[in-house]
Structure formats: structure tokens, C-alpha cells
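Each residue of the sequence shown is one higher than the last, beginning at 675 in my numbering.
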Amino acid sequence: MLRSRITGTGMYVPDKVVTNFDLEKLMDTTDSWIRERAGIVERRFVDSEVGTSGLAYEAAKMALSNAKLQASDIDFIVFATLSSDYLVPGSGVLLQEKLGIPGIPALDIRNQCTGFIYGLSVADQFIKTGMYKKIMVVGSEIHSTGLDLSTRGRDVGVLFGDGAGVVIVEPSDDPDRGVLSSHLHADGRFAKELFMENPGSLHIPRLTKEMLDDGSVYPIMNGRQVFKNAVIRFCEAITECLTANNVSPDQVKLVIPHQANLRITEAVAQRFNYTLDRVFSNIHKYGNTTAASIPIAMHEALMQGKINKGDYIVLVAFGSGFTWGSILLRW
Ligand code: UT7
């Protein structure tokens, strides 16, 4: 069977570091609250109008170079984000324009924290059918310009950061290595547990001064409910991809979870009896970068020598929707 394999990774985060102490100046919060509840020490915020596609462009150049490809080799772009440069069109075509590769398809995916898992799964299907051969899968977000960074929004505002991660997906030359399987889920009954109501097409008119004043243009979250579901679904999704491939938890070299909260990562590690070095974490540096968090983490894990040929690697995510899913890779 034709499998797909990740042949290059890249990442980019803006230079501007925003520490918890910086946030203390904007709202009623403390460094210790943020560290203890979420494990975040600092995050990156854009300080120019670079756009989500602009962050992705920087990560894309690195991924292409690592895959030893030119932009003109790419035959499909899959772009996952919840924070596109414009509401219309999506950021996929904007990245395509920056890369200078008109004509190839660009697909936008909006599955929030699970966006990269959905995107990589879509790419995998197209590689398996033979329709595309060099696919760029992107997770990129700019949260900083869309958060309520006052005390009113502190429960959400302290969690998120900006960044981009990109992988290149190609057919594997070894049938035993690559994406072994992907598993996608959603449950819209929980859509409002983590959502941003406005502006949207539901309301007439879409955007009013009242919406700006009442804060409904910012994301809100039922933190405890999301946390509880995240731990359950992360564990289920990991078990699902291992069971599907007859791989035991002991055989897994590294789990790369979506970076939502260090306490979630620790709970997952505990459930599978993993020491913390087997469940990758970089949330202390970047906060939650939604669709970008897994490809950024994967790139850093590779650079740190934590992923080697033949290793079983689990990617797993949960987030707004609710959406969740997992992918088992053999590197
Ligand atoms: O990426 C998508 C998936 N996202 C997640 O998985 C996130 C899931 N949820 C969480 O990570 C956690 O629920 C949070 C980190 C968001 C919150 O932690 P928590 O332990 O669930 O705290 P809480 O929401 O129960 O709030 C505890 C207290 C409250 O005060 P009272 O009511 O006990 O007096 C909050 O008002 O902490 C207060 N609080 C804050 N205090 C200082 C909320 N936000 C802050 C803040 N600084 N930034």
C-alpha cells in the first residue's frame, strides 16, 4: 500500500516575547497562576501586520529546505487555521501567492486545535490515491490580535500565542514507514464550550457596536468542561490509533500532543505510565498556538534528536468544536 511520509518540517514564531509578567501589566493575573494552571511562561505575539499567511511563509521556506524541495515542486497546499488573514478568502491562497506557485489547489481547514491532524489526514488520503505527490500541510495562527487582554478575558487571554508550523508530505519509499493511520472525531453538541460568537453570519447585522462592547467578538471557554473532555479524548484517541495498528503503548517513542495545557499533558502521560520525556511539551515557550502547535512541536522534537528512523510517534489533539483526533506515524 502507498503510504505518505513527512519529508521536511519547519516552524516560525514572531520575535516578540510576551512573558506572564508582561500580562500582569494588562490584567488582574499573576505569573504563578498562569504557570501553575497552564504551564505557560511566555508566548510570542506579532508586532507587525504580517498575517497568518506571512508566519506560514517563513515556516514553509524552512520546511521546503529541509525536504530539499523548491516551492514549484509543491502540488497541493492544505492550510489549517482559525485566524485567517481575512475572513474571505482563506489563508491557503495567500500563502500560495507568497510562494509564487499559482494554479495548484489550496484547501483551508478550520478545525481549531485539531486542524493540523485533520489537515495531515486529508493530505494522507490524497497521497494514497496518487492524486498529489508533494503536499504542504500548514498550521498557522495569530491569536494575539483577537484576544481580550483585559481582566474580563483573562481566563482565555493568557493561554494563547502566535506561530506557524509546516510539514511536507510525500509518498513513502518504504511501505513500513510513514503515516500508519489517522482517526478524526467531532461532536458539535459542545460547539459553544469554546467559541467566538461574533462576527458571524448568524446575526443580522453581522457586526454591531454592541458586539464590540460586550466582548462577544472574543473567544470564550468553559475551561473546566474543556479540560475534562480534553483529558478523556486525548487518551481515547491515543488508544484508538495504537489499537488500529497493533502497537502497544510501550512501543511508542514519543507522543506529540496539541499544546493546550501542561496539566493535560501530564494527565495523559500518567494514564499511559509515560515519563514526561516521552510526551513532548513546549507550551512554556509558546502557549497554545492551536493548529500550529503540533507541527511546531514536531519540528522541535526532530531538531532535539527525539525522533529517529523507525520510531513510533503519536500525534494527538483536542479542541473547539469539540473536535479531536490522532495519527500514528512510523518515522
Ligand atoms: O486548546 C483547546 C483546548 N483548551 C484546553 O484544553 C484548555 C482547557 N482548560 C484549561 O486549561 C483550564 O481550565 C484553565 C487553564 C483555562 C483554567 O484553569 P482552572 O484550574 O480550570 O481554573 P478555573 O477556570 O476554575 O478558575 C479558577 C479561578 C477562578 O477564580 P474563583 O472563581 O475561584 O475565584 C478564576 O476567576 O481562577 C480565576 N482566573 C484567573 N486568575 C488569575 C481565571 N483566569 C485567571 C487568570 N489569572 N488569568
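Here a beta-carbon is modelled for each residue, glycine too, at the ideal position from N, C-alpha and C.
Taken atom to atom, the span from the alpha-carbon of GLY993 to that of LYS866 is near 12 Å. In the DSSP secondary-structure assignment, GLU815 is bridged to GLY837. A direct Cα-to-Cα measurement between LYS735 and GLY684 gives close to 7 Å. Taking a contact to require three or more Cβ pairs closer than 8 Å, the stretch 948-957 and the stretch 706-716 qualify as touching.
For a cut-off of 8 Å, the C-beta gap from THR825 to ASP702 is around 4 Å, short enough to register as a contact. The DSSP-derived three-state label of HIS973 is helix. In this structure, HIS932 has its CB closer than 7 Å to one or more heavy atoms of ligand 1. Between the C-alpha atoms of ASP747 and LEU936 there is a straight-line separation of about 38 Å.
Beta-bridge partners of GLU884 (DSSP): none assigned. Under the DSSP definition of a beta bridge, TYR731 lacks any partner. 8 Å or more divides the Cβ of ALA797 from the Cβ of ILE783. Distance between SER856 and PHE908, taken at the CA atoms: about 14 Å.
Excluding five sequence positions before and after LYS772, the CB atoms of its chain that fall closer than 7 Å to its own CB belong to SER727 and TYR731, given in chain order.
Scanning the stretch 908-995 from its first residue to its last, the whole alpha helix (DSSP H) runs of 4-plus residues come out as 936-945, 957-960 and 967-977.
By DSSP's assignment, LEU781 forms a beta bridge with VAL752.
Under the criterion of beta carbons closer than 8 Å, THR788 and GLY999 qualify as touching, at roughly 5 Å. Per DSSP, the unbroken alpha helix (DSSP H) holding GLU710 starts and ends at 705-712.
Under the DSSP definition of a beta bridge, MET685 partners with GLY839.
ILE970 sits away from ILE842, with the two beta carbons spaced by 8 Å or more. Here ASN947 is exposed: its Cβ has fewer than 16 other Cβ atoms, across all protein chains shown, within 10 Å.
Just measuring C-alpha positions, the residue of ILE751, MET977, GLY837 and LEU821 sitting nearest TYR806 is ILE751. Contact annotation, LYS980 with LEU928: C-beta distance approximately 6 Å; criterion of less than 8 Å satisfied. Here PHE800 carries a helix assignment [DSSP, helix/strand/coil]. By the CB criterion at 8 Å, ALA991 and HIS932 fall inside the cutoff.
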